[in-house]
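Heads up, the thing below is written out as structure tokens.
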Amino acid sequence: MQHKLQVRILKELIAQLDSGRNIDSGEQYKMPTDVYVDQNLAEREWQTLFRSHPQLIGMSADLPEKNSYFTVEEFGIPVLATRDEQGNFRAFLNACRHRGVSVTRENKGVAKRFVCPFHAWTYASNGSLIGVSEEQDFGPIDKRCNGLIELPAAERYGMLWVHPQPQASFDVDELFGEALAKELASHNLQDYVFAGDKEIDKRLNWKLANDTFGETYHFQKLHRDTLGQVFYGNNLAYEEFGRHHRFVTASKSIDEVRARPESEWKLSHGAILIYYLFPNIQLLFNTGRVSVVRIYPVHGDPAHSITRLATYCEPSYADLVMSTDAQGREDLRVMTDIYDPNKPAGSIATLEATMEAFYSTVELEDYAMGEKQQRAAESGVSQEVIFGRNEPPLHHYHRCFREALDMPPLKAVDAGESVVASA
Ligand code: FES
Ligand SMILES: [Fe+2]
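Using this note's numbering, the letters of the sequence shown correspond one by one to residues 2 to 424.
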């Protein structure tokens, strides 16, 4: 990200902190809560946003070498992702051409060949069928046209994108638009290395899971003893890019940043940077690392979602975490936003502890709220929620979601209307 933009965002956050006022979108919105419980809508969103929309399935670091692979199936299509012998990212339906069995039972690994566990047909990492067992008994098979079914796939800006429909085509740059593509490119995510991951399986609609990343209003309330130790809350620099957006909020280390000359300011030293990528992705940038959050509905159950969290580090950050020299430790202390409540004062938490603290905050604090919201929506009695003027990412997220599904737009609360009286 350009230094000029980093400084502009930090100044905006500092101005909000100094004035004690959060961002103001100028509007409040009401939203019917049926979007969290409606079965028919859940089916439409599954077909439109997951089965027929490009999906981010991982990062370049998930395929670190030739012949590395991993599998995913959260959006209803079993996918085998590989890096072939030429180093190209490929994606296939993870289904043998004989009778449809998954050609690997592992979640990830390195393999030049995939031998189907059922009758041992064999495929190369580029998907071609290279062996049919007992072909003399089975009968002739044209190997040239019986490779694994390939899915449209693209590796851009360190991200791995797949379209679930074999006949579809897509362009990642078009998906992002020029400005966001340029910004994402500037983070050099292709150089990052995998650090760790976690799955969260909860009784809340996938949009409620997304909603937890859409405002800073709750930081000093819900997260008072965790994230609230590190972030001020109630401040937000925000920009939309089509259906995606950028969300930045100040960490308390912004006080150290503002004391230095502007030429030395770095966004990650004083804030967390989040990109929301439509429809279900959050990329959270801290110093030296990024957490990728992928949120999925469970097909057929609007009250159930799966979140996949994974963290990746810049190689230099991984080195710093391992560093024992005094300057390295000091740099890390200044740069980091670690809030592990169990670490002794003044010490530095490990990367593992930092990741776990983040993952458990999402699961035990944010999603715990989401589960309560889900139950209230299911009661049918709580028919609307209200998004405040200080929650514009939620306005945007739900506006785009509704637009993509041809739903009527959200209703702004009229000036002078009491949201309490009309509820
Ligand atoms: S289903 Fe794969 S070899 Fe038979
Ligand atoms: Fe939160």
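Just so it is clear, CB atoms sit at the ideal spot from N, CA and C, and this is done for glycine as well.
**OP:** Just jot down, in chain order, the residues whose CB lies closer than 5 Å to any heavy atom of ligand 1.
**Re:** Cβ-based neighbours of ligand 1 within the cut-off: 97, 99, 100, 102, 117, 119, 120, 122.
Original post:
Would the beta-carbon of residue 83 be found less than 7 Å away from any heavy atom of ligand 2?
Top reply: No; taking the cut-off as 7 Å, the Cβ of residue 83 has no heavy atom of ligand 2 nearer than that.
Original post:
Taking 7 Å as the line, does the beta carbon of residue 366 fall inside it for any heavy atom of ligand 2?
Top reply: yes
Original post:
In three-state terms, what does DSSP make of residue 4?
Top reply: helix
**OP:** Check the DSSP bridge columns for residue 425 and list the partner residues they point to.
**Re:** Limits of the chain in this structure are 2 at one end and 424 at the other, which puts residue 425 out of reach.
Original post:
Which residues mark the beginning and the end of the beta strand (DSSP E) in which residue 131 is found?
Top reply: Where residue 131 is concerned, the enclosing beta strand (DSSP E) stretches over 130 to 132.
**OP:** Could you check which residue in 57, 90, 51 has the C-alpha nearest to that of residue 68?
**Re:** Per the C-alpha coordinates, the member of 57, 90, 51 positioned closest to residue 68 is 90.
Original post:
Among 156, 166, 99, which one has its Cα closest to the Cα of residue 141?
Top reply: 99
**OP:** Specify the secondary structure class of residue 309 as computed by DSSP and reduced to three states.
**Re:** Strand, per DSSP.
Subject >> Residue from 117, 296, 218 with nearest C-alpha to residue 207 >> reply: Ranked by Cα distance from residue 207, the first of 117, 296, 218 is 296.
Subject >> Own chain, CB closer than 6 Å to residue 85, minus 5 neighbours either side, in chain order >> reply: 91, 126, 127
**OP:** Can you say whether residue 222 is buried or exposed, counting buried as having 16 or more other CB atoms within 10 angstroms of its CB?
**Re:** exposed
Original post:
Smallest Cα separation from residue 271: which of 261, 407, 280?
Top reply: Closest option to residue 271, Cα to Cα, is 261.
Original post:
Hey, would you say the C-beta of residue 223 is under 7 Å away from at least one heavy atom of ligand 4?
Top reply: Only ligand 1 and ligand 2 can be found as ligands here, which leaves ligand 4 out of the picture.
Subject >> Whole-angstrom distance between residue 118 and residue 13, CA atom to CA atom >> reply: 57 Å
Subject >> Contact belief for residue 78 with residue 94 at Cβ below 8 Å, rounded distance in angstroms >> reply: 7 Å
Subject >> Cα-Cα separation between residue 315 and residue 267, rounded to whole angstroms >> reply: 16 Å
**OP:** Report all residues from its chain with a CB closer than 6 Å to the CB of residue 338; omit the five preceding and five following residues, and keep chain order.
**Re:** Since pLDDT at residue 338 reaches only 42, below the 50 mark, its modelled position is unreliable, and the value read off the structure follows with that caveat. Contacts found: 231, 252, 287.
**OP:** For residue 192, I'd like the list of residues in its chain whose CB is within less than 8 Å of its CB, leaving aside the five on either flank, ordered along the chain.
**Re:** 159, 315, 316
Original post:
Roughly how many angstroms separate the alpha carbons of residue 312 and residue 145, rounded to a whole number?
Top reply: Between residue 312 and residue 145, the C-alpha separation is close to 39 Å.
**OP:** Between the Cα of residue 239 and those of 354, 197, 395, spot the shortest distance and give me the residue it belongs to.
**Re:** 395
Original post:
Expressed to the nearest angstrom, what Euclidean distance is found between the alpha-carbon atoms of residue 196 and residue 236?
Top reply: 29 Å
**OP:** Would you mind reading off the limits of the alpha helix (DSSP H) that contains residue 398?
**Re:** 393 to 405
**OP:** With a threshold of 7 Å, establish whether the CB of residue 227 neighbours any heavy atom of ligand 2.
**Re:** no
Subject >> Cutoff 8 Å; reference residue 425; Cβ partners in own chain excluding five residues on either side >> reply: The displayed coordinates of the chain run from 2 to 424. Any statement about residue 425 would go beyond what the structure contains.
Original post:
Measuring CB to CB, does residue 372 end up less than 8 Å from residue 225?
Top reply: no
Original post:
How about residue 219: is its Cβ closer than 7 Å to a heavy atom in ligand 2?
Top reply: yes
**OP:** In the DSSP assignment, find the unbroken beta strand (DSSP E) run with residue 285 in it and report its ends.
**Re:** 282 to 287
Original post:
In or out: residue 257 buried (at least 16 other Cβ within 10 Å) or exposed?
Top reply: exposed
**OP:** Would you mind stating whether residue 390 and residue 26 have Cβ atoms separated by less than 8 Å?
**Re:** yes
Original post:
Based on the DSSP output, what are the partners of residue 81 in its beta bridges?
Top reply: 72, 93
Subject >> Exposed unless 16 or more other CB atoms sit within 10 angstroms - verdict on residue 168 >> reply: exposed
**OP:** Answer yes or no: the CB of residue 213 versus the heavy atoms of ligand 2, is any distance below 7 Å?
**Re:** yes
Original post:
Between the Cα of residue 73 and the Cα atoms of 186, 103, 49, which residue gives the shortest distance?
Top reply: 103
**OP:** Tell me whether residue 4 is buried or exposed, calling it buried when 16 or more other Cβ atoms sit within 10 Å of its Cβ.
**Re:** Burial is judged here by how many other beta carbons sit within 10 angstroms of a residue's own beta carbon; residue 4 has fewer than 16 and is exposed.
Original post:
residue 410 by DSSP, collapsed to three states: which one?
Top reply: Correct three-state label for residue 410: coil.
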